[in-house]
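Student:
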Amino acid sequence: MAKKSTDEESVAKLVLDIEQIDFRTLAEDAPVMLWLTNSTGENIFSNSIYKNFIGRENVEKQGGTAWFNALHPDDQQMCLDIFSDAFQTHKAFDMEYRLKRRDGEYRYILDRGEPYIDRHGKFSGFIGSSTDISDRKTSEDDLIKSHKELMQYNHEMSLINQLNSYLQVCRALPETYPVISHYADQIFPNWSGSLYLFDENKSLVEAMASWGNVSVRSADIIAADDCWALRQGKEHIALDIDNRLSCNHVHDDIGSYTCVPIIAQGEMLGMLHMEYSSDTVTFETTEEKQRYFDSRQRLMKIAADNLALSLVSLNLREALKYQSIRDPLTSLFNRRYMEECLQMEISKSARTGGGLGVIMSDIDHFKKFNDTYGHDAGDLVLVEFAKLLTKSFRDSDIICRFGGEEFIIIMPAASQKLVLERANKMCNKVREFEIFYDNKLLPNVTSSFGVAYLSDDFEHASQIVKYADTALYKAKHAGRDQVMLYEMQENEDDEGLTRR
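Spelled out as structure tokens, the structure:
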């Protein structure tokens, strides 16, 4: 029996050898890489195209370990794990890895292994094929990269749209600065920068908003001639530290930076100054780095164009708002704005318990002055009177031209004493004020003032302007050039007037 068993094993081995010889004969000239292992995982055959891929000299020197030695170091453990699992389960497997070609280049390989079972049902190893999928992998990687770039672009455009929506509802330019800083920090996460805007003379730009984790390496106030972007009216890109043309406003140790002018309707409003401030982003190739910076330049241009449109729109809205609430001659607030503010200040005073004073002023004998010296001289008196009012009252006070030569000053959160003091000081200043017209000193003018004050009784608050007007009327009839206070009386005749 023992001899028979030995003979059977010999026959089985012979059959297996014959089968493997047949496989090798067929596989040797196959147009794809083919390989064969025994049951322990040792490579016992690789066809010619496989040997040519790795390098015949490597196969001859290293034998069965040539494949493992050609694996990319980062992929070796993964391949061993898959291989080990396959030999334990005797199941087919697929795996992708990088394999060094004979010229030293790593190529992406797709391995497919099928268990080889002999005619007796015994597992004898794996028969497999290896396919170079580098070109397909490159296409897949390019597709993934393109998709990632598209998602990034959509995210950036969404942020820019959000920025625009906030800028559209800003009521004044200073209100836009924190909004711009907030969104620029998100749109350009690896950059620091500043928004520069021109002054009224168009000779200087000043940094109005900044963002980023690193302090901007540029001056806060820049002469227009110190920036190449402002000179040329187009973006100035300075990436290569050793070989570039730098603007005069940047520090010597600044890294890569870009200046992008903000232009709308042919008018230059300012510029975006952007500095690359990240040391965490790495690039595998020079081409990848160039693509990144090119995409940032395009995004900066889009951001600058959107800012230009938003800022122009805001300037227009501010101009229209200014015209709607300002008197064109004196630049004081007009009657319409005064009425809106008065209602708000009355409500605020009633809510907080703070006092509220209203002063009505009138230039004495103004009609006669106009008839004598002409309307141009009269307009000059109104303008100078308005300037004097602005200098004589608090920043929180609301100074308005009520109409003609009449003016109203609303003084919120003020004591009656303070309101009267300011009115009397103004009355004295007007009396001593000198106005020159056509190089000639005009006669001094005087003014009368009526004061109404509310502290805790707001039952008649809506009549406060009427009370101030009544006090002014009495001041006129009492001889002009004086201040009269309207006081509420606790009798049937609730109107009382006191000269102050």
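Under our numbering, the first residue of the sequence shown carries the number 118, and numbering increases by one thereafter.
C-beta atoms are modelled at their ideal positions from N, C-alpha and C, and glycine is treated no differently.
Check each candidate in V429, D316 and L153 and name the one with the smallest Cα separation from A289.
Tutor: The residue labelled residue 289 in the question sits at position 172 within the sequence shown. Out of V429, D316 and L153, V429 has the C-alpha closest to the C-alpha of A289.
Student: Rounding to the nearest angstrom, what Cα-Cα distance links K217 and H189 in this structure?
Tutor: Sequence index remark: in the sequence shown, residue 217 carries index 100 (1-based). Sequence index remark: in the sequence shown, residue 189 carries index 72 (1-based). Distance between the alpha carbons of K217 and H189 is about 7 Å.
Student: Count the other CB atoms within 10 Å of the CB of I338; is the residue buried (16 or more) or exposed (fewer)?
Tutor: Taking the first residue of the sequence shown as 1, we reach residue 338 at position 221. Its Cβ having fewer than 16 others within 10 Å, I338 is exposed.
Student: Out of A569, F519 and F510, which one is the CA nearest neighbour of K546?
Tutor: Start at 1 with the first residue of the sequence shown, and residue 546 comes out as number 429. Of the candidates A569, F519 and F510, the one whose C-alpha sits nearest the C-alpha of K546 is F510.
Student: Is A346 closer than 8 Å to P306 when the C-beta atoms are compared?
Tutor: For the purposes of this step, residue 306 is taken as residue 189 along the sequence shown, with counting starting at 1. For the purposes of this step, residue 346 is taken as residue 229 along the sequence shown, with counting starting at 1. Going by C-beta atoms, P306 is not nearer than 8 Å to A346.
Student: Could you tell me if V568 is buried or exposed, where buried requires 16 or more neighbouring beta carbons within 10 angstroms of its beta carbon?
Tutor: Here residue 568 refers to the residue found at position 451 of the sequence shown. Burial call: buried.
Student: Where does V286 land, buried or exposed, given buried means 16+ other C-beta within 10 angstroms?
Tutor: The sequence position of residue 286 within the sequence shown is 169, counting from 1. Answer is exposed; the Cβ neighbour count stays below 16.
Student: Look up E213 in the DSSP assignment and give the residues it is bridged to.
Tutor: As a working mapping, residue 213 is identified with position 96 in the sequence shown. Answer by DSSP bridge pairing, in chain order: L227.
Student: So within the stretch 339 to 373, which uninterrupted alpha helix (DSSP H) runs reach at least 4 residues, ignoring any that extend past its ends?
Tutor: Segments of the alpha helix (DSSP H) lying fully in the stretch 339 to 373: 345 to 349.
Student: Which of helix, strand or coil does DSSP assign to I516?
Tutor: On the sequence shown, position 399 is the one that residue 516 refers to. Strand.
Student: Let's test the definition: count the other Cβ atoms within 10 Å of the Cβ of V600 and tell me whether it reaches 16, buried, or not, exposed.
Tutor: Residue mapping note: residue 600 aligns to position 483 of the sequence shown, counting from 1. Looking at its Cβ environment, which holds 16 or more other Cβ atoms inside 10 Å, V600 is buried.
Student: Taking just the CA atoms, how far does V322 sit from G580?
Tutor: In the sequence shown, counting from the first residue as 1, residue 580 sits at position 463. In the sequence shown, counting from the first residue as 1, residue 322 sits at position 205. The sequence as given places Gln at residue 580; Gly does not occur at that position. Spanning the two alpha carbons is a distance of roughly 48 Å.
Student: Helix, strand or coil for G622? Go by DSSP, reduced to three states.
Tutor: Since the first and last residues shown for the chain are 118 and 617, residue 622 lies out of range.
Student: For F240, write down the residues that DSSP places opposite it in a beta bridge.
Tutor: Your numbering for residue 240 matches position 123 in the sequence shown. For F240, which the question treats as bridged, DSSP gives the partners I234.
Student: For S373 and Q269, I'd like the C-alpha separation in whole angstroms.
Tutor: Here residue 373 corresponds to residue number 256 of the sequence shown, with the count starting at 1. Here residue 269 corresponds to residue number 152 of the sequence shown, with the count starting at 1. Whole-angstrom Cα-Cα distance: 22 Å.
Student: Would the beta-carbon of S66 fall within 8 Å of that of A326?
Tutor: Here the chain has residues from 118 to 617 only, and residue 66 is not among them.
Student: Quick one: what does DSSP say D479 is sitting in, helix, strand or coil?
Tutor: Along the sequence shown, one-based indexing puts residue 479 at 362. D479 falls in the strand class under three-state DSSP.
Student: Indicate whether E522 and I480 have their beta-carbon atoms separated by less than 8 Å.
Tutor: Here residue 522 corresponds to residue number 405 of the sequence shown, with the count starting at 1. Here residue 480 corresponds to residue number 363 of the sequence shown, with the count starting at 1. Their beta carbons are under 8 Å apart, which means E522 touches I480 by this criterion.
Student: What three-state label does DSSP hand T489 in the structure shown?
Tutor: Taking the first residue of the sequence shown as position 1, residue 489 is located at position 372. DSSP places T489 in helix when its eight states are reduced to three.
Student: Would you list the residues sitting across from R511 in a DSSP beta bridge?
Tutor: Along the sequence shown, one-based indexing puts residue 511 at 394. R511 pairs with nothing; no bridge assigned.
Student: Put F305 into one of helix, strand or coil per three-state DSSP.
Tutor: Residue mapping note: residue 305 aligns to position 188 of the sequence shown, counting from 1. In this structure, F305 counts as coil in the three-state DSSP scheme.
Student: May I ask you to report which of helix, strand or coil DSSP gives C376?
Tutor: Start at 1 with the first residue of the sequence shown, and residue 376 comes out as number 259. Three-state result, C376: strand.
Student: Hey, which unbroken runs of the alpha helix (DSSP H) at 4 residues or more fall wholly within the stretch 371 to 455?
Tutor: Listed in chain order, the complete alpha helix (DSSP H) runs (minimum 4 residues) inside the stretch 371 to 455 are 403 to 442.
Student: T293: which of K557, A425 and M150 sits nearest, CA to CA?
Tutor: For the purposes of this step, residue 293 is taken as residue 176 along the sequence shown, with counting starting at 1. The shortest C-alpha separation from T293 is found at A425.
Student: Are the stretch 499 to 515 and the stretch 445 to 463 touching by the rule of at least three beta carbon pairs closer than 8 Å?
Tutor: Touching, yes, given that three or more Cβ pairs across the two stretches are closer than 8 Å.
Student: Determine, using beta carbons only, whether G245 and G230 come nearer to each other than 8 Å.
Tutor: In the sequence shown, residue 245 corresponds to position 128, counting from 1. In the sequence shown, residue 230 corresponds to position 113, counting from 1. Closer than 8 Å, so yes.
Student: By the DSSP assignment, the beta strand (DSSP E) with E317 in it spans what residues?
Tutor: Taking the first residue of the sequence shown as position 1, residue 317 is located at position 200. Run containing E317: none; DSSP gives neither H nor E here.
Student: For the beta strand (DSSP E) containing L151, list its first residue and its last residue.
Tutor: Walking along the sequence shown from the start, residue 151 turns up at place 34. Taken as a continuous stretch (DSSP letters only), the beta strand (DSSP E) holding L151 covers M150 to T154.
Student: Just checking my contact of L473 with S466 at CB under 8 Å: how many whole Å lie between their CB atoms?
Tutor: In the sequence shown, residue 473 corresponds to position 356, counting from 1. In the sequence shown, residue 466 corresponds to position 349, counting from 1. Going by Cβ atoms, the distance from L473 to S466 rounds to 4 Å, so yes, they are a contact pair.
Student: Could you check the C-alpha separation between A381 and L314 for me, to the nearest Å?
Tutor: If you number the sequence shown from 1, residue 381 lands on position 264. If you number the sequence shown from 1, residue 314 lands on position 197. C-alpha separation (whole angstroms): 13 Å.
Student: Which two residues bound the contiguous beta strand (DSSP E) that contains E538?
Tutor: Numbered from its first residue, the sequence shown carries residue 538 at position 421. Segment Q533 to E549 is the alpha helix (DSSP H) holding E538; no beta strand (DSSP E) there.
Student: Might you give, ordered along the chain, the residues of its own chain that have their beta carbon closer than 7 Å to the beta carbon of T563, omitting 5 neighbours on each side?
Tutor: Walking along the sequence shown from the start, residue 563 turns up at place 446. If we look at T563 and ignore the five residues flanking it on each side, its Cβ neighbours are D481, V547, R548, R597 and D598.
Student: Would you check if the stretch 527 to 539 and the stretch 584 to 594 touch, i.e. whether three or more CB-CB distances between them fall below 8 Å?
Tutor: At 8 Å Cβ cutoff, the stretches do not touch.
Student: If I measure Cβ to Cβ from I371 and keep anything under 6 Å in the same chain, skipping five residues before and after, which residues do I get?
Tutor: For the purposes of this step, residue 371 is taken as the residue at position 254 of the sequence shown. Excluding positions up to five away in sequence, the list reads R334.
Student: Please list the segments of the alpha helix (DSSP H) lying wholly inside the stretch 242 to 301, counting only runs of 4 or more residues, in order along the chain.
Tutor: Taking only runs of at least 4 residues, the alpha helix (DSSP H) segments lying wholly in the stretch 242 to 301 are 251 to 286.
Student: Between which residues of its own chain and T248 is the CB-CB distance below 6 Å, once the five residues before and five after are set aside?
Tutor: Along the sequence shown, read from residue 1 onward, the residue named residue 248 stands at position 131. Same-chain partners within the cutoff: L227.
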